[in-house]
Structure formats: structure tokens, C-alpha cells
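Notes to accompany the following structure.
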Amino acid sequence: MATADRMQTTGGSWVLLGCVVPKDAHIVHLLRRAGAVILGKTNLDEWAGMRGSIYSLGYSARGGQCRNPYLLNRSPNGSSSGSAVSVSANIVPLAFGTETDCSVISPGMVNGVVAIKPTVGLTSRGGIIPISETQDSIGPYGRTVADAARALDVIAGPDPDDKFSVVPERRQPKSYCNFLVDRHALKGARFGLPMKRFWDVAPYPQKAVGERVLKLIREAGAEIIPVDMPCAGERLDEEGIWDWERYGESRPEISEITVSKVQTYYLMNEYLGKLKNTPIKTLEDVVRFNDENRGSEGGHEGDLPAFPDGQRLFRKCVETKGIKDETYRAALKHIQTQCRENGIDAALKCPSDKNLQGSRDETLDALLFFDVKAGGIQIAAQAGYPVMTIPIGLDPDGMPLPLTLQHTAWMEDQLVKWGSAIEDLLKAHNEESGISVSERAERMGRIPPTYKNHLRKNIPIEPDYEWPGRHRDQGAPIN
């Protein structure tokens, strides 16, 4: 995020060191206007993970390897790794990250903090190093839902310089804090639990904690309804694993990466062209710099352990020249239709019981995912729809486990409502059961990190979670 001060805006790379941005990013302007004190910038996947297909999550050439504060040898996920870690490690109360595909929510999940990825356009992308105009979004991290909601109040709003933030269908309440509730609001609520390729394939540690959470939600008076996403069979593999390059070579006309490559090229050139005090004006210039500085940036395959495939995706972006051809248009239409109408919107529709007089279809209050494999948030990313994650406990290794809530576009207020209700429910369970913070295995909700394995200096970083049958090349790459 651009800051027109003495802090650098480099995307974690050496190539933009010393450049001068035209002005503060729009959300930085809003934060300063609200009285926020900006303490600094955090580490990330270099270039938000768009430079290569295989890389160490949380690594950048300038920042080095960001680590998970729960297990320091394990992945903090990305791309907004440092933002989530800074809140998790109690360095700051609030932080902000950008997401194209899981990059806000995924770090929040594995670092035990609350994160909100808003509908594309709720927060302006002005002054943000871009990847995708149809998927990029900026969201907050906090230790509680209330903190994240307060932050969202500040940064949400239209910006004439971002056409996606001024669309007619835009919906924003006066304050998201008005939707904060306690556990008693759960009585009568109806939540969908996506099954096929989600709950059905959840790893045992996640499912065990998830079942405890679902039991508490039911006991609070809510109904949990099994649902499915028609698009899941296409967008995810049989184990519920997502891959944003899925079909990239075999069926580019339905692939997310087809869209991202084109958009990255023309958006990046537009962004770079506005910078001062730098000779870097195009994505080709960035690729050339990385090739010429192999020891620091690892432009070629095998140069650096953190970037095993060099800058493979950047090279593919350059090949497109930003041309929106027929394949691009088909892919964009396909992924949005699949992930919206045939995905989240379909799962939210609760079919009526046609045997009951006067019954009708109803929209569920939210979808609940126990989503360590990140399949659900990947579909939300392609749809451009909002997501919230809250911590619900730890797995046997001591890694945080998440519950993610999803809804259709512009429904962040409902995510705040139900996220705060479930958060309060878990807190009350701990207090009523007499479970202390020291009883980590039984405690539910957010549990502070313990910084284990602090002597490990591994790069690449190890995967976030381990589960039976997981291939070693899924998630963050390791040796």
C-alpha cells in the first residue's frame, strides 16, 4: 500500500527501492484522517505471490522469511503474511492486507486472528500494487470481531479513482459496529454447512474441533443445514484442494489464471508508470531486474530456495501483453458465473419443503466452513464476495484452527453479526466450563501464540497444516 512518506513501497522487492509514489493509497488517507498512527509496513509474499507459481509463503527479498508465531518453522500463509502475524504476535492491534486469492483470509486462519476480506469494491484499491481489478480487495485484521468491524468502518467507502467502488449495487451500512451481537442472537439462525469437497474432506483435527463448535451453535438455538456448491466439482479437486492455476494449460477458457495474467500485466504497467525516481516503468523492467540480480531476487529457476521456479508467473504475464482476447473474456465470465450463481449464491438458497403449505425458498443467514484447505475462500475470491475468519481453537500441533463465514456480495454486516455471535459463544463456553488459557487443548476461540521451534531457520517454510494423505508439494513448498 502506497504511503507518501519516508516509508518504502516496494511489494517486498529490491527493484522499487527508492521509488516515489504519487500519493497515499486511498485507505491510508482514510486511516490518517481517522487519526490512526501508522507504525510501519509488514512483510509479504513478494509481489503478493504473483511472481512465481512455487515459492516460500511469507518470503520477500527485502523482508526475508516471515514466520508463524505459533510454530516458527511453519507457514504464516500469504500473501498478507506479516499483517496477520503482527496482530497475532500482539505487536499492533490492527493491520491491513490485500487479497486477490485468499491472501487476507488465509493468513488470518493460520495465525489465529480475525480477518475480513470485503466484497470487491467495498474498499478502494487506489494506490495498491495491483494484480486483479475483479478480485483485489483490502481488509482488516484484529484480535476480535469488534476490532475488525471498527477498522472496516474506517476503510470502507467509495473512491472516484476506483470504478469498482462506485457501482450502483453497492451496499454499505452506516456502521458495521451496529451489527455486533452476543451469543443469544444465534437462536433461530439458519446456517449452511457446505459438504461435498468441503466438510466431507476436512482433515480429522479440523473436523473434531469443528464438530464441537457446531454442537455449541446448535445448542444456542441455531440450525445447521447441509448444502452443496454445484461449482465445487470443477473448481476443486476430489480432496477439496484449490489451485489457482487449475486448468491454466488444459482449459484456459475457464481458468482463473488466464484472467489474472492479463490483468496483472496492464494494471502493473499502469501502476509502475506513475512512479517517480525509478527507471522501472513496465513489468518487463521488473523481470529484467530480477534476471540481472539473481543473488538477491532469484529471477531464474533454482537461483534461490525461496523461489524454486524463479519468476515463472511474471514471465507468463508478460507473454499476454495485457490483451483481453476471447479466451480472457470467456474465462472471466465463466469463473464469475460458476463461483457466484453456481457457487455461493446457490449454497445460500435453502430449498423449501414443498409439502408444507405456504413454504418458500429462503436465504440462509451465512455459510460456515472449517476450511484449512482453503477451498471455500478460493471460490469467494473468484466470486468477489466477502469472507470473515475467526479462530476456534488449536490442532494437536498447536496451530490455530479457523471457522470462516461467507455470504453474497455486500453482506459484510451479516458476517459481522454472526461472527461476533459465535465468538461470544466460544468465549462463554470457556468461562462457564472453567477452562483457562493454560488448558490450550480444550480451550475454544483465540489462544495466544507460544513461539515454538524458534531455533528453526528453514527456508522454504514448511506447510501450515499436516494431515494424512497430504502431498508434500501442496501448500508451501519444502525441501
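full-length UniProt numbering numbers the first residue of the sequence shown as 1 and each following residue consecutively. Using N, Cα and C, we set each Cβ at its ideal position, and we do this for glycine too. Predicted model, so just to flag it, every value in this text is computed and none were measured.
| Can you give the Cα-Cα distance for Leu193 and Ser75, rounded to whole angstroms? | Within the sequence shown, residue 193 is the residue found at index 193, counting from 1. Within the sequence shown, residue 75 is the residue found at index 75, counting from 1. About 27 Å.
| request: Give the DSSP-derived three-state secondary structure of Val110 in the structure shown. | output: As a position in the sequence shown, residue 110 is number 110, starting the count at 1. Reduced to three states, the DSSP call for Val110 is helix.
| Relative to the alpha-carbon of Ala202, which residue among Ile241, Val15, Ser86 has its alpha-carbon at the smallest distance? | Counting from one through the sequence shown, the residue named residue 202 turns up at place 202. Considering only alpha carbons, the answer is Ile241.
| Whose C-alpha, out of Gly52, Ala374, Asp397, Ser56, is nearest the C-alpha of Asn43? | Here residue 43 corresponds to residue number 43 of the sequence shown, with the count starting at 1. Considering only alpha carbons, the answer is Ser56.
| Does the distance from the CB of Ile379 to the CB of Cys339 come in under 7 Å? | For the purposes of this step, residue 379 is taken as residue 379 along the sequence shown, with counting starting at 1. For the purposes of this step, residue 339 is taken as residue 339 along the sequence shown, with counting starting at 1. The answer is yes: Cβ separation under 7 Å.
| Which same chain residues, not among the five before or five after His407, have their C-beta less than 8 Å away from its C-beta? | In the sequence shown, residue 407 corresponds to position 407, counting from 1. Closer than 8 Å at the Cβ level, and outside the excluded window around His407, lie Ile344, Leu348, Ala366, Leu367, Tyr385, Pro386, Gln414, Leu415.
| field | Glu219 burial status per 10 Å Cβ neighbour count (16 or more: buried) | value | Position 219 of the sequence shown, counted from the first residue, corresponds to residue 219. When all chains shown are included, Glu219 counts as exposed.
| query | With a cut-off of 8 Å, do at least 3 Cβ pairs link the stretch 109-129 to the stretch 153-165? | reply | yes
| Between Asn342 and Val372, what straight-line distance do the alpha-carbon atoms span, to the nearest angstrom? | By one-based count along the sequence shown, residue 342 stands at place 342. By one-based count along the sequence shown, residue 372 stands at place 372. Cα-Cα distance, rounded: 22 Å.
| task | Can you give me the Cβ contacts of Glu256 inside the same chain, cut-off strictly under 6 Å, excluding the 5 residues immediately before and after it? | result | As a position in the sequence shown, residue 256 is number 256, starting the count at 1. These residues qualify, in order along the chain: Trp244, Ile335, Gln382.
| message | Does Leu193 come out as helix, strand or coil in the three-state DSSP assignment? | response | Looking up residue 193 in the sequence shown gives position 193. DSSP places Leu193 in strand when its eight states are reduced to three.
| said: With DSSP as the reference, identify every bridge partner of Tyr141, one or two as the case may be. | reply: The sequence position of residue 141 within the sequence shown is 141, counting from 1. According to DSSP, which records beta bridges pairwise, Tyr141 is partnered with Ala95, Ala115.
| query | For the stretch 28-41 against the stretch 279-288, are there 3 or more C-beta pairs whose distance is under 8 Å? | reply | no
| said: Beta-carbon within less than 7 Å of Arg183's beta-carbon, same chain only, minus the 5 sequence neighbours each way: which residues are those? | reply: Mapped onto the sequence shown, residue 183 falls at position 183. Counting only Cβ-Cβ distances below 7 Å, and skipping sequence neighbours, we find Ala220, Ala421, Asp424, Leu425, Ala428.
| message | Nearest by alpha-carbon distance to Val20: which of Lys281, Pro305, Leu401, Glu301 is it? | response | Stepping through the sequence shown from its first residue, residue 20 is reached at position 20. Here the closest residue by C-alpha is Lys281.
| message | Please state the DSSP three-state secondary structure of Leu267. | response | Taking the sequence shown and counting its residues from 1, one reaches residue 267 at position 267. Helix.
| Between Ala25 and Ile105, which are expected to be in contact by the criterion C-beta below 8 Å, what is the C-beta distance as a whole number of angstroms? | As a first step, residue 25 must be located in the sequence shown, where it is residue number 25. As a first step, residue 105 must be located in the sequence shown, where it is residue number 105. Actually they are not in contact, since the Cβ atoms of Ala25 and Ile105 sit about 20 Å apart, beyond 8 Å.
| Do Ala4 and Lys23 have their C-beta atoms within less than 7 Å of each other? | The residue you call residue 4 lines up with position 4 of the sequence shown. The residue you call residue 23 lines up with position 23 of the sequence shown. Against a cut-off of 7 Å, the Cβ pair of Lys23 and Ala4 comes out as a contact.
| query | Since Ser260 contacts Thr100 with CB under 8 Å, what's their CB separation in whole angstroms? | reply | Numbered from its first residue, the sequence shown carries residue 260 at position 260. Numbered from its first residue, the sequence shown carries residue 100 at position 100. Contact flag correct, Cβ pair sits at about 7 Å.
| said: Tell me the rounded alpha-carbon separation between Phe96 and Pro130. | reply: Within the sequence shown, residue 96 is the residue found at index 96, counting from 1. Within the sequence shown, residue 130 is the residue found at index 130, counting from 1. Approximately 15 Å, taken between the alpha carbons.
| task | Could you give the DSSP three-state label for Ala421: helix, strand or coil? | result | Start at 1 with the first residue of the sequence shown, and residue 421 comes out as number 421. Helix, per DSSP.
| message | In the DSSP assignment, the beta strand (DSSP E) including Leu394 goes from what residue to what residue? | response | As a working note, residue 394 is residue 394 in the sequence shown. 387-394 is the extent of the beta strand (DSSP E) around Leu394.
| What distance in whole Å lies between the Cβ atoms of Met444 and Ile390, which are believed to be in contact at a cut-off of 8 Å? | Taking the sequence shown and counting its residues from 1, the one referred to as residue 390 is at position 390. Taking the sequence shown and counting its residues from 1, the one referred to as residue 444 is at position 444. Actually they do not touch by this definition, with Cβ atoms about 11 Å apart.
| How many angstroms separate the CA atom of Tyr451 from the CA atom of Met399? | By 1-based counting over the sequence shown, the position of residue 451 is 451. By 1-based counting over the sequence shown, the position of residue 399 is 399. If I take the Cα positions, the gap works out to 11 Å.
| To which residues of the same chain is Gly419 closer than 6 Å at the C-beta, ignoring the five residues directly before and after it? | Numbered from 1 along the sequence shown, position 419 holds the residue referred to as residue 419. If we look at Gly419 and ignore the five residues flanking it on each side, its Cβ neighbours are Val145, Met388, Ile390, Leu405.
| said: Excluding the 5 residues flanking Lys354 on each side, which residues of the same chain have their C-beta closer than 7 Å to its C-beta? | reply: Within the sequence shown, numbered from 1, the residue matching residue 354 stands at position 354. No answer about Lys354 holds up, because its pLDDT of 45 lies below 50 and its placement is not dependable.
| task | My understanding is that Lys215 touches Phe370, with C-beta atoms under 8 Å, so please give their C-beta distance in whole angstroms. | result | Working through the sequence shown from its first residue, we reach residue 215 at position 215. Working through the sequence shown from its first residue, we reach residue 370 at position 370. So it is not a contact: roughly 13 Å between Cβ atoms.
| task | Within the same chain, show all residues whose beta-carbon is closer than 6 Å to that of Lys187, passing over the 5 residues directly before and after it, in chain order. | result | Here residue 187 refers to the residue found at position 187 of the sequence shown. If we look at Lys187 and ignore the five residues flanking it on each side, its Cβ neighbours are Gly221.
| task | Could you check the C-alpha separation between Lys316 and Phe307 for me, to the nearest Å? | result | Walking along the sequence shown from the start, residue 316 turns up at place 316. Walking along the sequence shown from the start, residue 307 turns up at place 307. If you take the alpha carbons of Lys316 and Phe307, they lie about 16 Å apart.
| Looking at the structure shown, is Pro226 part of a helix, part of a strand, or coil, going by DSSP? | Indexing the sequence shown from 1 puts residue 226 at position 226. In the structure shown, Pro226 sits in a strand (DSSP, three-state: E or B).
| Proximity below 7 Å, CB of Ala148 to CB of Arg197 | On the sequence shown, residue 148 is found 148 positions in, with the first residue counted as 1. On the sequence shown, residue 197 is found 197 positions in, with the first residue counted as 1. Cβ atoms of Ala148 and Arg197: not closer than 7 Å.
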